[in-house]
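Chains A and B, in that order, are what the protein sequence lines are.
The first sequence begins at 1 in UniProt numbering and counts up by one.
The second sequence begins at 1 in UniProt numbering and counts up by one.
Virtual Cβ for every residue (Gly too), placed ideally from N, Cα, C.
From a predicted model like this one, the values you see are computed outputs, not experimental measurements.
Here the structure is laid out as C-alpha cells; the discussion comes afterwards.
Protein chains: 2
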Amino acid sequence: MEPQLTPLIDSLPSTVPFVGPEALERKRNRPFRARLGANENGFGPAPSVIAAIQESAAEAWKYADPENFDLKRALAAHLGIAPTNVIVGEGVDTLLGLAVRQYVQEGTPVVTSLGAYPTFNFHVAGFGGRLVTVPYRDDREDLEGLLAAVKREQAPLVYFSNPDNPMGTWWEAAEIERFIDALPASTMLILDEAYGETAPGSALPPVDISRSNVLRMRTFSKAYGLAGMRCGYAIGAEKQIGAFDKIRNHFGMNKLTQIAALAALKDQAYLKHVIARIIAGRERIAQIAAGNGLQAIPSATNFVTIDCGRDGPYALAVLNALIDRDVFVRKPMAPVLDRCIRVSVGLDDELDYFEQQLPQALAAVK
Amino acid sequence: MEPQLTPLIDSLPSTVPFVGPEALERKRNRPFRARLGANENGFGPAPSVIAAIQESAAEAWKYADPENFDLKRALAAHLGIAPTNVIVGEGVDTLLGLAVRQYVQEGTPVVTSLGAYPTFNFHVAGFGGRLVTVPYRDDREDLEGLLAAVKREQAPLVYFSNPDNPMGTWWEAAEIERFIDALPASTMLILDEAYGETAPGSALPPVDISRSNVLRMRTFSKAYGLAGMRCGYAIGAEKQIGAFDKIRNHFGMNKLTQIAALAALKDQAYLKHVIARIIAGRERIAQIAAGNGLQAIPSATNFVTIDCGRDGPYALAVLNALIDRDVFVRKPMAPVLDRCIRVSVGLDDELDYFEQQLPQALAAVK
C-alpha cells in the first residue's frame, strides 16, 4: 500500500485558483500582445527599485533576515505603528494561508462573498473549513449580508476586500468601521486592502491596532509593481500578529524582495506618479467601454470591470474572443457578476491594442 | 472575547527554528567579519545568474508562471525524468511544510534523527505530529535505528538528509537503497539531498521515480549559491508529486527566482568550479582544526563539523568566543553531537579570519 494522504488532503480537488497567462500562451502557442488579466502593474517598479535589485543581485547567496527587521521597521514608521503590529510574508496569498490555518479547523464556518478571491477559498478548503458565501449586492460586497452570515453561523473568520476584487468597487471608511464595530469580538476579520493605494483616501479607515479582531492585509504586488517578488504584509494587534510566528516559514522571504520592498516604500514619489497613471488608465478603459456601448463599473483598483450588458455566457464569449485576439483578460465567474469582463490597467500601447481589438471581439460574438 | 486560535496553533510555542545572523549582529551592534554559520555559499551564484537577475529585474511586476513550466522542464531534462515527477517550491523548507501537511495529522508519529533539521521538526509540530527521534550513531544518521522506529511506530513519514546536516557525514547510495528497499510501502521517506551536489557521486542513488514512497528534495540554496532566492524542488512518483498541487501556493514563486534557477542549472561549468572550491574549503577547515588540536569530521557538504574534543558546554563556549570575535558559526545541539561546532565553507578571507581567531577563542575558553 502506497503512502496515504490525510483524509482531508485526499478529499481536495486538484483545481488551481487561477490559470496563468503563460499556460494560455503555451496552449495557444502564441504570446499575448496585451497582458491585462492578472491585475499586475505594467508600469513596473520604480527605477530606484530596479536599481536596488540589480545592485544586490550578487547578494542572492545570503538567506534573508528571518525577522524582516528593516522592512518591518520601515513599514511601521510609514504606518505610524510599532514593528510588532506588522508581519511580512511571501505575498498576501501566503499570509492568507497562515491566517486561515490559525483560525480554521475541519468544519469551521468561514464567511466570504460569492465570487470573491479564489485563493482565499482555496486556503479555506485546504484546511477543511466550510465556506459560507454571501452574494454581492449591486456589484459591491454586501457588508450587511456578510455580518448577518457571521452571526448566523457564529463564524470565527470573515474575509472581504476593500476596494473589491473582482468588481473594483469600494466602501467608504465609515462603512468599514461600522462593520468592524458590529462584528462579534470573537470573529476575526481579514480586510484585504491589496488595492488600498489606488483607492480614494476616504475608503481606508485609519490604522487602528487596538482591534484584536482585525487583520488588514496589504501588498507590494499592485501599486508598487512587484507582483513577481512576492511581498505582502498584515497589520493588526500585537498578539494576533505574533501568532504568525508560530507557523510561518521563518526563512521564506527572498533576500532581494526585502531589498526591493524597502526601496519601493522609500520611493513614494514614484508611487504617486504610478497611481496617477493608474487612475488615468481606469478612465481610459471606461471610455473604451463606453465607446463600444458597454458600461464600466466605477473602480478604485488598478483594473476596471466592464458590464458586457448581457449574461454570463455572452461575457465569456467576449473574453474568449479577446484572448483569441491576443488580449489577456479575466472575468468574474459568480452569477450576476459573470456578465462582466475584468481589464487591468496596462501600458498605453496595451490599452491601444485593447481599444483596437474590443470592437472586433464584440462583432465576432454577435 | 478575542478571536481564538485553533487548539493546535494555540498550543505551539513561539520558538523559531534558527536565529538569523542579522539578529545577532543587531544584538551585538556589530557586523560579523566571517559569515560561516548558515551553510550559505559565499562563492555566490554564477556571474551568468547574477546577469540574468539584473537583466530581468524590470520584469518584477509580473507574477511568475504558476506552473513553473520552464524550470520543471529543465530540471526534468537534467535529471532524465518527466516534468510531472518534479515539483518546484519556495525553498525546501516550504516543500517540507507541504509534505508534512499531506501526511501528518494530530498525533501522527513522524520519525527523524535527534538533532537533525529543526525546520522539519517545526513543521511536524505545526501540524500536530508526534516526533519520534532516533539518536545519531558515530556521528551519522542511524539508518537501522530509523527503520526500526518506523516499524515500531508504524510511522507514515520518515525524514533524513544525505549528506547529513548538521554533521556533514553521508551514506553511500547502496546503503540508502537498502533503507528504501526495507521501508514499508506505506511509509513516505523524505530524503533531503540539499547537499547532494557537494557529495561524492557514489552517495546519491540513481533517480528512480517508480518508488511511490520516496520524495527526494534538492535545492538551489547550497551549491548553486541562491539561498536568498528561495528555490527547492522535490522528485518523486507522479501521483505523489501531483498531490502538492492540491495545497501549494500556486503563485508563490518569485519571478526572478525562476529565471535565476534556470540560469544556474544551465551553468554547470560554474557549478563544477564552485564545488571544487567548496571541497578545497572543507580541506582547509579540517587543516585549521587540526592545527588547533581539534578533529574535523569528514564532510560531503559545504560545511565542516569540528569536534571540540570535550562536552557540549565547552563547545558552546568555543562558539560564543568565536561569535564574540565576529565569526558567525553555529553548532549541533543534541547530546553527543553538541560537542561540535559547525563551520560553513566561506571565502578565503573569511577562512583566513577564522584561522586567525580560532586559537584566540580556544585560549579564551581554557
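Against chain E, which members of the stretch 53-79 of chain A pass a CB distance test of less than 8 angstroms? In the structure shown, chain E cannot be found, because the protein chains are A and B.
In the DSSP output, what is residue 340 of chain B paired with across the bridge? B:307
Buried or exposed by the 16-neighbour rule on C-beta atoms within 10 Å, applied to residue 1 of chain A: exposed
Given residue 247 of chain A, which residues of its chain have a CB within under 8 angstroms of its CB, disregarding the five upstream and five downstream residues? 98, 101 and 102
What is the DSSP secondary structure of residue 113 of chain B, counted as helix, strand or coil? strand
Interface residues of chain A facing residue 103 of chain B [CB-CB closer than 9 angstroms]: 3, 4, 5, 6 and 9
What residue range does the beta strand (DSSP E) around residue 235 of chain B cover? 232-235
Decide if the stretch 113-130 of chain A is in contact with the stretch 26-36 of chain A; the criterion is three or more beta carbon pairs, one per stretch, under 8 angstroms apart. no
Closer than 7 angstroms, Cβ to Cβ, to anything on chain A: give me those residues from the stretch 274-298 of chain B, in chain order. none
Along the stretch 201-214 of chain A, what residues have a CB closer than 8 angstroms to any CB found in chain B? 212 and 213
Can you tell me which residues form a DSSP beta bridge with residue 368 of chain A? Because chain A in this structure spans residues 1 to 366, residue 368 of chain A falls outside the shown range and cannot be described.
Under 8 angstroms from any heavy atom of the ligand ATP, does the C-beta of residue 32 of chain A make it? Ligands are entirely absent from the displayed structure, and the ligand ATP is therefore not among its contents.
In terms of residue numbering, what span does the alpha helix (DSSP H) encompassing residue 296 of chain A cover? It is not in any alpha helix (DSSP H) - residue 296 of chain A instead sits in the beta strand (DSSP E) that spans 295-297.
For residue 217 of chain B, three-class secondary structure by DSSP: strand
Suppose the cutoff is 7 angstroms on Cβ atoms and the five residues either side in sequence are ignored; what does the same chain contact list for residue 172 of chain B look like? 202 and 203
From the DSSP output, in three-state form, read off residue 138 of chain A for me. coil
If we count Cβ pairs, one from each stretch, closer than 8 angstroms, do we get three or more for the stretch 60-72 of chain A versus the stretch 215-224 of chain A? no
Nearest chain A C-beta to residue 246 of chain B closer than 9 angstroms, yes or no? yes
Name, going along the chain, the residues of the stretch 34-51 of chain A whose beta-carbon falls closer than 7 angstroms to a beta-carbon of chain B. 38, 40, 41, 42, 44, 45 and 50
Taking the alpha helix (DSSP H) that residue 11 of chain B falls in, what are its first and last residues? 7-11
Quick one: using the 10 Å Cβ neighbour count with 16 as the cut-off for buried, is residue 268 of chain A buried or exposed? exposed
Do the stretch 255-268 of chain B and the stretch 49-58 of chain B make contact, defined as three or more Cβ pairs closer than 8 angstroms? yes
Reduced DSSP category for residue 125 of chain B - H, G, I as helix; E, B as strand; rest coil: helix
Assign residue 229 of chain A to one of three DSSP states: helix, strand, or coil. helix
Count Cβ pairs between the stretch 336-350 of chain A and the stretch 3-14 of chain B that sit closer than 8 angstroms; are there 3 or more? no
Using a beta-carbon distance below 9 angstroms, is residue 240 of chain B in contact with chain A? yes
I want to verify the contact list: residues of chain A whose CB lies under 9 angstroms from the CB of residue 255 of chain B, in sequence order. 227, 228, 229 and 230
Going along the chain, which residues of its own chain have a beta-carbon closer than 8 angstroms to the beta-carbon of residue 309 of chain A, five neighbours each way excluded? 293, 294, 295 and 339
Can you check whether the C-beta of residue 249 of chain B is within less than 9 angstroms of a C-beta belonging to chain A? yes
Which residue's Cα is closest to the Cα of residue 366 of chain B: B:283, B:329, B:348 and B:321? B:321
By the criterion of Cβ-Cβ separation under 8 angstroms, what are the contact partners of residue 260 of chain A in chain B? 60
Alpha-carbon to alpha-carbon, residue 139 of chain A and residue 132 of chain A: 18 angstroms
Should residue 333 of chain B be flagged as near chain A, meaning a C-beta pair shorter than 9 angstroms? no
Residue 283 of chain A: which of A:31, A:348, A:35 and A:151 sits nearest, CA to CA? A:348
What residue range is occupied by the uninterrupted alpha helix (DSSP H) comprising residue 93 of chain A? 92-103
Secondary structure, beta strand (DSSP E): runs of 3+ residues fully inside the stretch 231-280 of chain A: 232-235
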